[in-house]
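FYI, in my numbering the residues of the sequence shown are 622 to 959.
Even glycine gets a Cβ: it sits at the ideal position worked out from N, Cα and C.
Here is the structure we will look at, set down as structure tokens.
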Amino acid sequence: MFFFLRKISLFIAFSIFLNSSDNLVGSTAELTPTKKQFRERTPLEKGHTNKHKTDLKRSLSAVIDFDGQIAMRHIENLTSFGPRSPEHPQAKLLTLSYIRSQIPPSMSIQLHEFDANALNGTNLWVSSRVEKKNSNTLIMIGTHWDTRSIADQETDITKRNMPVLGANDGASGVAVLIEVAKHLHSKPPSVNVDLIFFDLEDLGNVGNNKYAIGSSKFVKENPKYRPTAGIIIDMVCDRDLRIPREYYSSVSAPEVLARVWESAERQDAEVFKNVIGGAVIDDHIPFLQVGIPVVNLIHFPFPKTWHTTEDTIKFCRSRSLSQVGRVILDFIYHYDVN
Ligand code: 1BN
Ligand code: ZN
622 MFFFLRKISL
632 FIAFSIFLNS
642 SDNLVGSTAE
652 LTPTKKQFRE
662 RTPLEKGHTN
672 KHKTDLKRSL
682 SAVIDFDGQI
692 AMRHIENLTS
702 FGPRSPEHPQ
712 AKLLTLSYIR
722 SQIPPSMSIQ
732 LHEFDANALN
742 GTNLWVSSRV
752 EKKNSNTLIM
762 IGTHWDTRSI
772 ADQETDITKR
782 NMPVLGANDG
792 ASGVAVLIEV
802 AKHLHSKPPS
812 VNVDLIFFDL
822 EDLGNVGNNK
832 YAIGSSKFVK
842 ENPKYRPTAG
852 IIIDMVCDRD
862 LRIPREYYSS
872 VSAPEVLARV
882 WESAERQDAE
892 VFKNVIGGAV
902 IDDHIPFLQV
912 GIPVVNLIHF
922 PFPKTWHTTE
932 DTIKFCRSRS
942 LSQVGRVILD
952 FIYHYDVN
């Protein structure tokens, strides 16, 4: 009971905190467009003939063969390095070098290093560009790669100072993004794509730290960065994965969310639930605060393993990873095709 109340009060406290932010608040009725409005507002891409579009649509209807087993192997490898929090610099180095080693050579990699509250962090920024500037559209897909320093949601208080391995909370998003990168390399989309692996997402309320430090620094230190749309994924491997429409995404980026759910429908991805979920502070928030439409795909209510020592691969399933991977790829491949 105490455990349950702790979670509920944390959730309410964060909702109140976020509701005080002018940029993020608005009534859902005011901001959510109908499907018709959404379609009418979608611009036709310049330079694509009708025949070209028909061909594209035909090839897009091909099955997306996302390998959830390989993604599971990434989770196994990533968790084998140990916790990816500031107290474990060696594990952090190994993780960054692992992610880099998995990115196909057709993509460029930049490191965004930053300091915050006496901590240093590294965001890893991977870019895939279309040839000859055929599209001005830029899609950003992000996830966090760090882990929380302490398992403060443990029911057993003797374990609350232990670190979290973050198979689900951290590694699952990285695993999906690595496989997305491989698909984009072997079948290039018609839009530009950035894959960003954010550091220091998960230190909220540990000392004086906040959540989403790495993405906040990224947005602040790259003021000219204006992707057309974005998706953040977090906690996407659980055996009982359930992804509702995260509240702040539904208020501040309804058109992007609508496109994601269209992809989920096309992909028969039943983990995506057509209901409004909780309000979550995650790496999408700094983008929403500067008007960039980025949505958060996150398991909600959070699974039992959340911020506990039980966040291990034991509770992950390849079918959860593959549903999320297919939806992201479908979203990217359909973005400029109308
Ligand atoms: C998601 C996964 N989050 C942390 N790990 C974000 C979060 C922010 C969760 C505030 C609860 C409260
Ligand atoms: Zn977390």
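Nearest to residue i by CA position, among the options, is which residue?
i      : options                        : result
Leu759 : Arg866, Trp927, Asn698, Ile913 : Ile913
Asn917 : Leu950, Ile817, Ala890, Ser871 : Ser871
Phe702 : Asp951, Glu775, Tyr719, Thr929 : Tyr719
Gly796 : His955, Asn744, Leu942, Phe952 : The amino acid at residue 796 is misidentified as Gly; the sequence shows Ala. Residue Leu942 is the option with its Cα nearest to Ala796.
Asp777 : Thr929, His920, Tyr954         : Thr929
Asn830 : Ser706, Val896, Pro875         : Ser706
Phe923 : Asn789, Ser729, Tyr954, Ala712 : Asn789
Val801 : Asn895, Glu708, Pro725         : Pro725
Asn826 : Ala772, Lys808, Arg863         : Ala772
Val857 : Asn755, Arg940, Pro810         : Arg940
Ile852 : Arg781, Met728, Leu909, Trp927 : Leu909
Ile762 : Asn895, Ile799, Gly828         : Ile799
Gly828 : Ser756, Ser770, Val812         : Ser770
His765 : Asn757, Gln723, Ile919         : Ile919
Asp855 : Phe735, Trp927, Ser884         : Trp927
Trp746 : Ser756, Glu891, Asp820         : Asp820
Ser836 : Arg938, Val911, Leu862         : Val911
His804 : Leu699, Gln723, Thr700         : Gln723
His806 : Arg750, Tyr832, Arg781         : Arg750
Could you tell me the distance, in whole angstroms, from the CA atom of residue i to the CA atom of residue j?
i      : j      : result
Thr768 : Pro704 : 6 Å
Glu752 : Arg860 : 39 Å
Asp815 : Leu824 : 24 Å
Pro965 : Lys841 : Residue 965 lies beyond the range of the chain shown here (622 to 959); nothing can be said about it.
Ile685 : Asn738 : 42 Å
Lys838 : Tyr954 : 29 Å
Arg721 : His733 : 14 Å
Phe921 : Gly791 : 15 Å
Ser748 : Lys713 : 21 Å
Met693 : Ser873 : 32 Å
Phe818 : Leu715 : 14 Å
Asp957 : Arg880 : 11 Å
Ile897 : Ile834 : 26 Å
Thr779 : Lys808 : 49 Å
Arg887 : Asn895 : 14 Å
Phe687 : Asn755 : 26 Å
Asn757 : Trp882 : 23 Å
Met728 : Gly899 : 35 Å
Glu891 : Arg863 : 8 Å
Leu717 : Val915 : 24 Å
Phe893 : Ala885 : 7 Å
Val877 : Asn843 : 22 Å
Lys925 : Thr700 : 19 Å
Leu698 : Pro710 : First, the amino acid is wrong: residue 698 is Asn here, not Leu. Rounded to whole angstroms, Asn698 to Pro710 spans 17 Å at the Cα level.
Phe735 : Arg781 : 28 Å
Glu708 : Ile691 : 29 Å
Arg938 : Tyr832 : 26 Å
So is residue i buried or exposed if we call it buried at 16+ other beta carbons inside 10 Å?
i      : result
Val945 : buried
Gly689 : buried
Gln774 : buried
Gln731 : exposed
Glu822 : buried
Asp889 : exposed
Ala813 : Sequence inspection shows Asn at residue 813; the Ala mentioned does not correspond to that position. By the neighbour-count rule (16 or more Cβ atoms within 10 Å), Asn813 is buried.
Ser642 : Legend: pLDDT at Ser642 = 32, less than 50; position of this residue unreliable, no value from coordinates given.
Pro875 : buried
Pro810 : buried
Ile629 : Reliability fails at Ile629, whose pLDDT of 37 lies under 50, so the model's placement of it is uncertain and the value that follows must be treated cautiously. Ile629 should be labelled exposed.
Pro865 : buried
Gln658 : With a pLDDT of 25 at Gln658, under the threshold of 50, the modelled position of that residue is not reliable, and no figure is offered here.
His695 : buried
Practice problem: Give a yes or no on contact between the segment 783-790 and the segment 838-852, applying the rule of three or more CB pairs nearer than 8 Å. | Solution: no
Practice problem: Determine contact between the segment 923-936 and the segment 947-954, defined as no fewer than three beta-carbon pairs at a distance below 8 Å. | Solution: no
Quiz prompt | Segment contact, 8 Å Cβ cut-off, at least three pairs: the segment 791-808 with the segment 730-742 | solution = no
Practice problem: Count the CB pairs spanning the segment 851-870 and the segment 891-911 that are closer than 8 Å, and state whether there are at least three. | Solution: yes
Quiz item: Which residues count as close to the ligand ZN when the rule is a CB under 6 Å from any of its heavy atoms, in chain order?
Solution: Arg769, Asp790, Asp823, His928
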